[in-house]
Amino acid sequence: MRATVLRTQTTAAARRPGRLILTGLAILVASFVVFGTVLVQQITERTVRDTLSGTPAATDLVIGSPEQPPPTMTEVQRVRAVPGVAEAVGRMTIGVSLGEGYLNLQADPGTGPLTTVRVIEGSYPDGPGEIAITPRTAERLGLSVGTTTNGTGGELTTPTRLTVTGVVETTADAGFDAYAPDSIVMSWAHLTAVERVDVRATPGESLEAVRQRVTAAFPAGQSIRSGAEVRQAEANAAAEQVGKLFILVGIFVSIAVVAAALVVTSTFRIVFAQRMRQLALLRAVGANRGTLVGALTAEGALTGLVAGVVGVAVALALGYALPAILRATGHAVSSPGLPLAAAVAVVIGAVVITVLAVLAPALSAARVSPLEALRTASTTAGRRGIGILRLVFGLFLVAGAVLAAVATISQLPKPEQQSYDPTGPLLLLVGSGALAFFALVALGPLLVRPLLAVVGWPLRQLGPLGRMSVGGIGGSPRRAAAVSVVVALGVTLISGVVIGGASLQIMADRELALSAPTDFEVTSNGGTLPAAVVTRAEAARGALARVVPYRRIDDVTLMRGADKLGDVEPGYPTNDLDLAALPSTGDLDTAQGSLADRGPGRIVLNSWVARDTGLRAGDTVTVAVAARRLDVRVAAVLPGDGPLHAGILIDRTDLDRLGVPAAYTGLLADAAGSGEDGRTAGVRALRQAIGGSDGVGLAVLADERDRNDALVSTLVWVAVGLVSLTVLIAVVGVGSTTALSVVERVRESGLLRAIGLSRAGLRTMLTAESGLYGVIGATIGLLLGVPYAWLAVQSLGINAPLTVPVLPLVGLFVALVVLTALAGVLPARRASRVSPVVALGVDG
């Protein structure tokens, strides 16, 4: 009997491959995602290994390492004289301070197989003090071929002439890069050693023989590695970072797999409920419960096998096709390998997960009574409630989630806390979230009906179709809960990422408003700016939107009576920057007081100075500079550092009363135009304002802002992309659930058509039902996502404010509802095409 029942169930499943795929659609998508992730990791690592090595491919030997004394130029000359050595290049990088900026001067031959640059204008340096620069460096520094400037770097103590002879193209152009042969760099900077030596052997020479000869030219113990070995190490270092990233990816993929298992469990409950009379007949002819469980589990295993194989095959096809397409469009992307072991593991995993997911529905279906065979309908209505054991277990999970959240809150950093380890609170938070999710799985059927009463109210006001849509969901709360919980999981993760990203962006904006409040900063390197520099900068209105000069001193002390406050010698860094003139300071917030209260006789302290002196907003204190004293009040305390790393912000008139010289020490400015062109015009205007002033430098702060914004945006979008995998599984679950419920309710659909409901009305009703899964799930997800996002931001201990971006969250809600509604469109069209006569003739 066992074999007969098993053969009957599996044969019936195999005869209907469409339903088989539909039942395991979530597992198919999960298999595709998992194996696709394996292939993407291989593609990324191979691409990194193939393209991101800093050592030219022609390098045969590399001499030197950070752990050993650096090779000297004399040793480089000896290597060049070794038989079998075609070329030996010293590599080094030095910082060069120019009167008008900064250069990163790197040693490179400029020609031949070992070069990393290509000349696009002028000629490569070949004489003392000559350099080549990148195009962006030329624009930023206002340099061109033939320009002469002065700079200090290496062992130089006085500015020495540098002449630009050419412009070169490189793989990366940071805007401050320059190149010259090793001999020119070393003679100009008065250096005697290089960081390393790249050696190219003469073609046809034995590399091992050349290595032995080169080794003899160096002291014992000097590191000499093959070029292939160094390139592999560089690629491995980059690939290691890729591996760490994919550990994070794996966590989110695992969450998506759990979501797929939940969807499959719900799907099999529907499938088995549709065949309840058949199962009862099998019980009536002698099949016991164990036999039915085994047969239904085998059907699940077959479903998992087919879904896993199809998912892996589709991922493999795309994994090989996409790199080929990208290479055809000029992108250097490597193809993956053929990870057969990973493919087999994914298929086996799909079978195992499907079997585990089908066990609960199979055990429930196997409890059918043989008397059910006498039913006229082939399906049974789903249970609406949950058992007492499940209720108690769910409440236990809720209590655990609440206790873990309370424990997380108790371990959050205090305002005055000096050291903080986020590991413990974050682990507690993850545990709380996991318990909350499984509590939602257990208690979901009890939550659906009251939640539906609230979120379904607008739909019920639209008339009979709306009421029937809400009733269709409310009539199967266990099914609605199973699907909505997966939607809720995805929304919780995405809303958490969106809220966390917005909070981090505000924190980053606040930090940049302190360290980089404008596009440019002109500094005097400890001295004062010539008055003409400020005058010329203020006159450059076409290129600069605003110019804000400031004074900075480093020996301000705070006193109360005759007692000095704090332990810092000689005093605290102080500036008179006009915050009202800087738009970016609107991003600043305060820990105490208000920035609006700042003015004559009122100062602002950063958090460290406030802690060191014990001062708070509203306190009165004496500011001292040398022998001068001035009584002021603390208007506000900042939560972190002060603008331009100031400990004290003071009004300009107060600095005057303290006898501080009127000459400015620096100025801030914004570009009048947007984009790279506007920034370049601003740089040129400031360079003209600086002219030949000694000791005056220019920093482009906007580049720092761009890098920061790009990093935060990349992190947020990567995280959103990863958690969207769960949403994808959820949408697939909604579509498959709606499609199977259409089959289950053919007779109901036919009856509605028979009493006058149009095809369009039936399609609308079923599509609205599908959308309600998204409404319920998105509502639960947002209710969980906001508090958990707040706890996550606070647990990191990074002093980021909680920000709830309303518009993105509303957009997320609407998008989920639309996606889940669209998932039901095709099943609804299928249901509407069935003739009422045919539908009424179907068993239940």
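The opening residue of the sequence shown carries number 509 in this note's numbering; numbering runs sequentially from there.
We put the beta carbon where it would ideally sit given N, CA and C, even for glycine.
For residue i and residue j, I'd like the C-alpha separation in whole angstroms.
{"i": "Gly1332", "j": "Gly980", "result": "14 Å"}
{"i": "Leu611", "j": "Thr668", "result": "14 Å"}
{"i": "Thr673", "j": "Pro930", "result": "53 Å"}
{"i": "Pro1147", "j": "Leu1138", "result": "25 Å"}
{"i": "Thr1275", "j": "Val801", "result": "34 Å"}
{"i": "Val993", "j": "Ile1263", "result": "35 Å"}
{"i": "Glu807", "j": "Val818", "result": "17 Å"}
{"i": "Val597", "j": "Pro633", "result": "15 Å"}
{"i": "Val570", "j": "Pro591", "result": "17 Å"}
{"i": "Thr679", "j": "Val625", "result": "8 Å"}
{"i": "Arg987", "j": "Ala534", "result": "15 Å"}
{"i": "Ala851", "j": "Ser762", "result": "16 Å"}
{"i": "Val1355", "j": "Arg968", "result": "Because the chain here runs from 509 to 1352, residue 1355 falls outside it and cannot be looked at."}
{"i": "Val546", "j": "Val702", "result": "41 Å"}
{"i": "Leu973", "j": "Ala1300", "result": "42 Å"}
{"i": "Leu1103", "j": "Val1112", "result": "8 Å"}
{"i": "Asp1105", "j": "Leu1317", "result": "35 Å"}
{"i": "Gln550", "j": "Ser977", "result": "46 Å"}
{"i": "Phe1321", "j": "Val1314", "result": "11 Å"}
{"i": "Thr916", "j": "Ala907", "result": "14 Å"}
{"i": "Ser1023", "j": "Pro847", "result": "48 Å"}
{"i": "Glu1184", "j": "Ser1003", "result": "34 Å"}
{"i": "Arg708", "j": "Ala565", "result": "10 Å"}
{"i": "Ser940", "j": "Arg957", "result": "25 Å"}
{"i": "Leu1265", "j": "Val1283", "result": "25 Å"}
With 16 as the cutoff for other CB atoms within 10 Å, does residue i come out buried or exposed?
{"i": "Gly1199", "result": "exposed"}
{"i": "Glu575", "result": "exposed"}
{"i": "Glu1029", "result": "buried"}
{"i": "Gly540", "result": "What sits at residue 540 in the sequence shown is Phe, not Gly. Counting Cβ neighbours within 10 Å, Phe540 comes out buried, since at least 16 surround it."}
{"i": "Thr811", "result": "buried"}
{"i": "Asp706", "result": "buried"}
{"i": "Val1239", "result": "buried"}
Run through DSSP, which three-state label would residue i get?
{"i": "Leu569", "result": "strand"}
{"i": "Ser734", "result": "strand"}
{"i": "Asp1185", "result": "helix"}
{"i": "Ile894", "result": "coil"}
{"i": "Val722", "result": "helix"}
{"i": "Val1133", "result": "strand"}
{"i": "Thr666", "result": "coil"}
{"i": "Asn1216", "result": "helix"}
{"i": "Glu465", "result": "Any property of residue 465 remains undetermined from this structure, which presents the chain solely from 509 to 1352."}
{"i": "Ala589", "result": "coil"}
{"i": "Leu1157", "result": "strand"}
{"i": "Glu713", "result": "coil"}
{"i": "Arg875", "result": "coil"}
{"i": "Thr552", "result": "helix"}
{"i": "Ile1111", "result": "strand"}
{"i": "Gly1305", "result": "coil"}
{"i": "Asp1086", "result": "coil"}
Going by DSSP, which residues form a beta bridge with residue i?
{"i": "Leu899", "result": "Answer is none; Leu899 lacks a bridge partner."}
{"i": "Gln1100", "result": "Val1145"}
{"i": "Tyr1080", "result": "Val1064"}
{"i": "Lys1072", "result": "Met1067"}
{"i": "Leu1052", "result": "Ala1179"}
{"i": "Pro1057", "result": "Leu1175"}
{"i": "Thr1031", "result": "Gly1174, Gly1205"}
{"i": "Tyr687", "result": "Gln614, Ala640"}
Rank the options by C-alpha distance to the C-alpha of residue i and give the top, closest one.
{"i": "Ala1016", "options": "Asp1214, Val855, Ala717", "result": "Asp1214"}
{"i": "Pro727", "options": "Val1314, Tyr632, Asp706, Gly572", "result": "Gly572"}
{"i": "Leu1090", "options": "Leu1152, Leu1103, Thr1026, Leu1052", "result": "Thr1026"}
{"i": "Ala990", "options": "Ala769, His698, Ser1266", "result": "Ala769"}
{"i": "Gly1107", "options": "Ile896, Arg1160, Leu1066", "result": "Arg1160"}
{"i": "Gly1289", "options": "Gly998, Ile1111, Gln1302", "result": "Gly998"}
{"i": "Asn796", "options": "Leu871, Pro617, Val722, Gly1205", "result": "Leu871"}
{"i": "Pro1050", "options": "Arg1187, Gly1150, Ile1007, Leu1157", "result": "Strictly speaking, residue 1050 in this sequence is Gly, with Pro absent from that position. Nearest option by C-alpha distance: Arg1187."}
{"i": "Gly1035", "options": "Ser1201, Leu948, Ile894", "result": "Ser1201"}
{"i": "Thr1082", "options": "Pro617, Ile602, Val1133, Val860", "result": "Val1133"}
{"i": "Thr1031", "options": "Asp1217, Leu826, Gly1205", "result": "Gly1205"}
Would you say residue i reaches chain C, if we count a Cβ-Cβ gap shorter than 8 Å as a contact?
{"i": "Leu1236", "result": "Absent from the structure is chain C; it holds one protein chain and no more."}
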